[in-house]
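Chemist: Mapping of the sequence shown onto the numbering used here: position 221 corresponds to residue 1357, and the numbering continues sequentially without gaps. Quick reminder that beta carbons are idealized off the backbone N, C-alpha and C, glycines included. Below are the structure tokens for one structure; questions will follow.
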Amino acid sequence: MDTGSHLLFGATLAGLAMLDPVVAGQPQLAHAVLAGTLIGSHAPDFDTLTRLKGFTAYLKHHRGLSHALPALFVWPVLVSLPLAWIFGVQDGWLHLFAWTMAAVCFHVFLDAFNAYGVQCFRPITRKWVHLDILCLYEPFLFGLHAAGLAAWLVTDWPPGPLFAAVYASTFAYIALRALHHRHSLVTFRKRYGIYGSCHLIPTLNWFRWQYIVEQDGRFQVGLVCKGRMESQEILEQDDNPAIQATRGMDGVRAFLQFAQRIHVSCKENEDGYEVKWSDVRFSHRHKLSFGVDVKLDRNLRVISQRAGYRKKGYEPPYI
């Protein structure tokens, strides 16, 4: 999810930690836990530093090893050990480690529920897990946790029970969204007789989904609301020697390792060709918003390549 949400959840996890009598009984340990959950809630996304080496490096590594099974143990150790020394709470290190680990695990758990996905089962498998249930930013969850944090700061309510209710509501919301997604997908398939691969991707509107259908060698994309199509677009696959000439590019190779629903197009112009590799999951209003653009000359030599989003950060889709 977005950075702001992850950090907010880190703060509310520190409130939930007040259910732990050892943490609640030692102010210094409670402060260390707050630092640990804040850092731990963002630690898996430290891989964004790879963007300094370019978007191709970022695409290769983001939500990969930093979110994998070993990382669920490595990050808490790296965060909790120095914090235990800084706050002088070595005797309570195990509790600090456990709550920091809870923050790391909750981060990865949430990332698995959006459309971008995460390689959370590495090294067992490099498969991307994306459940397509939550948006990158969920207003309900953000508002729920922000309200809980505000109540902790300005009232005398005991934080343990308060945040137990907040997290119970959080998991109930995710479960309801999962059931709604499943029901919407089954209804959509039956109503339109879809037999190929089909995805429903959430939008900020709870009752409107972006759909992606892959069958008969082409993509059908659009919006669906309460099981009924609101818009529709057909994306045909192109076939051109210029497309094959781009497969060896670093950006294209990294993209193909990550992308789930791949569309490629080739446009011929006066100087040569422009090949666009896109992940259809990131489409919005007749625009494929994420992929790799490669320009070639008439002899199929690569002139330039660009990998990344074809949109502003504030523009949809929010995945």
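Just confirm the distance between the C-beta atoms of Pro-1338 and Cys-1271, as a whole number of angstroms; I'd bet it's less than 8 angstroms.
Modeler: The count along the sequence shown starts at 1 and reaches residue 1338 at position 202. The count along the sequence shown starts at 1 and reaches residue 1271 at position 135. Between Cys-1271 and Pro-1338 the Cβ distance is about 5 angstroms, and since that is below 8 angstroms, they are a contact.
Chemist: Between which two residues does the alpha helix (DSSP H) holding Tyr-1303 run?
Modeler: Within the sequence shown, numbered from 1, the residue matching residue 1303 stands at position 167. Segment 1295–1328, the alpha helix (DSSP H) holding Tyr-1303.
Chemist: DSSP puts Trp-1413 in a beta bridge; with which residues?
Modeler: Start at 1 with the first residue of the sequence shown, and residue 1413 comes out as number 277. Looking at the DSSP assignment, Trp-1413 forms a beta bridge with Val-1400 and Val-1428.
Chemist: For Phe-1249, which of helix, strand or coil comes out of DSSP?
Modeler: Here residue 1249 refers to the residue found at position 113 when the sequence shown is read from its first residue. Residue state, collapsed to three classes: coil.
Chemist: Am I right that Leu-1436 and Ala-1378 are in contact with their C-beta atoms under 8 angstroms? What's the rounded C-beta distance?
Modeler: The count along the sequence shown starts at 1 and reaches residue 1436 at position 300. The count along the sequence shown starts at 1 and reaches residue 1378 at position 242. Contact flag correct, Cβ pair sits at about 6 angstroms.
Chemist: Fully enclosed by the segment 1334–1406, which beta strand (DSSP E) runs are 3 residues long or longer?
Modeler: Here the runs fully enclosed are 1344–1351, 1354–1361, 1369–1372 and 1398–1404.
Chemist: Applying the criterion that 16 or more other CB atoms from any shown protein chain within 10 Å of the CB defines a buried residue, is His-1319 buried or exposed?
Modeler: By 1-based counting over the sequence shown, the position of residue 1319 is 183. Counting Cβ neighbours within 10 Å, His-1319 comes out exposed, since fewer than 16 surround it.
Chemist: Sort Glu-1410, Phe-1394 and Leu-1155 by Cα distance to Thr-1382 and report the nearest one.
Modeler: Along the sequence shown, one-based indexing puts residue 1382 at 246. Closest option to Thr-1382, Cα to Cα, is Glu-1410.
Chemist: Count the other C-beta atoms from every protein chain shown that fall within 10 angstroms of the C-beta of Lys-1412, then say buried if there are 16 or more, exposed otherwise.
Modeler: Taking the sequence shown and counting its residues from 1, one reaches residue 1412 at position 276. Counting Cβ neighbours within 10 Å, Lys-1412 comes out buried, since at least 16 surround it.
Chemist: Could you name the residues of the same chain whose beta carbon sits closer than 7 angstroms to that of Tyr-1331, not counting the 5 residues immediately before and after it, in chain order?
Modeler: By 1-based counting over the sequence shown, the position of residue 1331 is 195. Same-chain partners within the cutoff: Gln-1351.
Chemist: At the level of alpha carbons, what is the spacing between Asp-1374 and Gly-1427?
Modeler: On the sequence shown, residue 1374 is found 238 positions in, with the first residue counted as 1. On the sequence shown, residue 1427 is found 291 positions in, with the first residue counted as 1. Roughly 16 angstroms between the two C-alpha positions.
Chemist: Alpha carbon to alpha carbon, how far is Gly-1224 from Gln-1164? Give it in angstroms, no decimals.
Modeler: Here residue 1164 refers to the residue found at position 28 of the sequence shown. Here residue 1224 refers to the residue found at position 88 of the sequence shown. Using only the alpha carbons, I get a separation of about 8 angstroms.
Chemist: Quick test of the definition: if touching needs 3 or more C-beta pairs under 8 angstroms, does the segment 1249–1264 touch the segment 1196–1214?
Modeler: Verdict: yes, contact present.
Chemist: Taking the alpha carbon of Phe-1394 as the point to measure from, which residue in Gly-1408, Val-1416 and Asn-1405 has its own alpha carbon closest?
Modeler: Position 258 of the sequence shown, counted from the first residue, corresponds to residue 1394. For the residues Gly-1408, Val-1416 and Asn-1405, the minimum Cα distance to Phe-1394 belongs to Val-1416.
Chemist: Per the contact definition of three or more C-beta pairs closer than 8 angstroms, is the segment 1186–1196 in contact with the segment 1169–1178?
Modeler: They do not touch, by the three-pair rule.
Chemist: With a Cβ-Cβ cutoff of 8 angstroms, do Pro-1180 and His-1243 count as a contact?
Modeler: Against the sequence shown, residue 1180 aligns to sequence position 44. Against the sequence shown, residue 1243 aligns to sequence position 107. The answer is yes: Cβ separation under 8 angstroms.
Chemist: With DSSP as the reference, label Asp-1433 as helix, strand or coil.
Modeler: Counting from one through the sequence shown, the residue named residue 1433 turns up at place 297. It is a strand residue.
Chemist: Which residue's Cα is closest to the Cα of Phe-1307: Phe-1276, Trp-1293, Leu-1289 and Cys-1334?
Modeler: On the sequence shown, residue 1307 is found 171 positions in, with the first residue counted as 1. Among Phe-1276, Trp-1293, Leu-1289 and Cys-1334, the Cα nearest to that of Phe-1307 belongs to Phe-1276.
Chemist: Around the C-beta of Gly-1212, are 16 or more other C-beta atoms found within 10 angstroms, so that it is buried, or is it exposed?
Modeler: Here the question's residue 1212 lines up with position 76 in the sequence shown. Checking the sequence shown, residue 1212 turns out to be Pro, not Gly. By the 10 Å Cβ count, Pro-1212 comes out buried.
Chemist: Return the first residue and the last residue of the beta strand (DSSP E) that Ser-1177 is part of.
Modeler: As a working mapping, residue 1177 is identified with position 41 in the sequence shown. Not the beta strand (DSSP E): Ser-1177 falls in the alpha helix (DSSP H), residues 1163–1178.
Chemist: Quick one, which of Arg-1313, Val-1430 and His-1142 has its alpha-carbon nearest Glu-1404's?
Modeler: Stepping through the sequence shown from its first residue, residue 1404 is reached at position 268. Considering only alpha carbons, the answer is Val-1430.
Chemist: How far does the alpha helix (DSSP H) with Ser-1141 in it extend, from its first residue to its last?
Modeler: Numbered from 1 along the sequence shown, position 5 holds the residue referred to as residue 1141. That run of the alpha helix (DSSP H) goes 1139–1152.
Chemist: Using 8 angstroms as the threshold, is the segment 1340–1347 in touch with the segment 1359–1374, meaning 3 or more CB pairs across them?
Modeler: Counting Cβ pairs under 8 angstroms, three or more are found: they touch.
Chemist: Would you kindly work out how many angstroms separate the C-alpha atoms of Met-1237 and Ser-1414, rounded to a whole number?
Modeler: Reading the sequence shown from its first residue, position 101 is the one you call residue 1237. Reading the sequence shown from its first residue, position 278 is the one you call residue 1414. For Met-1237 and Ser-1414, the distance between alpha carbons rounds to 35 angstroms.
Chemist: Thinking just about the alpha-carbon of each residue, which of Arg-1446, Arg-1325 and Tyr-1303 is nearest to the one in Leu-1152?
Modeler: Here residue 1152 corresponds to residue number 16 of the sequence shown, with the count starting at 1. Residue Tyr-1303 is the option with its Cα nearest to Leu-1152.
Chemist: Taking the alpha-carbon positions, what's the Ala-1301 to Leu-1155 distance?
Modeler: Here residue 1301 refers to the residue found at position 165 when the sequence shown is read from its first residue. Here residue 1155 refers to the residue found at position 19 when the sequence shown is read from its first residue. Approximately 12 angstroms, taken between the alpha carbons.
Chemist: Report the option in Val-1210, Asp-1247 and Ala-1248 whose CA atom is closest to the CA atom of Phe-1233.
Modeler: Locating residue 1233 in the sequence shown gives position 97, counting from the first residue. Checking every option, the nearest Cα to that of Phe-1233 belongs to Val-1210.
Chemist: Determine the direct distance from the alpha carbon of Glu-1274 to that of Ala-1286, and round the result to whole angstroms.
Modeler: Along the sequence shown, read from residue 1 onward, the residue named residue 1286 stands at position 150. Along the sequence shown, read from residue 1 onward, the residue named residue 1274 stands at position 138. Taking the straight line from one Cα to the other gives about 18 angstroms.
Chemist: Out of Ala-1220, Asp-1138, Leu-1143 and Ile-1370, which has the shortest C-alpha to C-alpha gap to Val-1159?
Modeler: Within the sequence shown, the letter at position 23 stands for residue 1159. The residue with the shortest Cα to Cα distance from Val-1159 is Ala-1220.
Chemist: Under DSSP, the beta strand (DSSP E) around Ile-1439 begins and ends at which residues?
Modeler: The residue given as residue 1439 occupies position 303 in the sequence shown. Unbroken beta strand (DSSP E) run through Ile-1439: 1438–1445.
Chemist: When the distance is taken between beta carbons, is His-1178 closer than 8 angstroms to Gly-1228?
Modeler: As a first step, residue 1228 must be located in the sequence shown, where it is residue number 92. As a first step, residue 1178 must be located in the sequence shown, where it is residue number 42. No. Outside cutoff.
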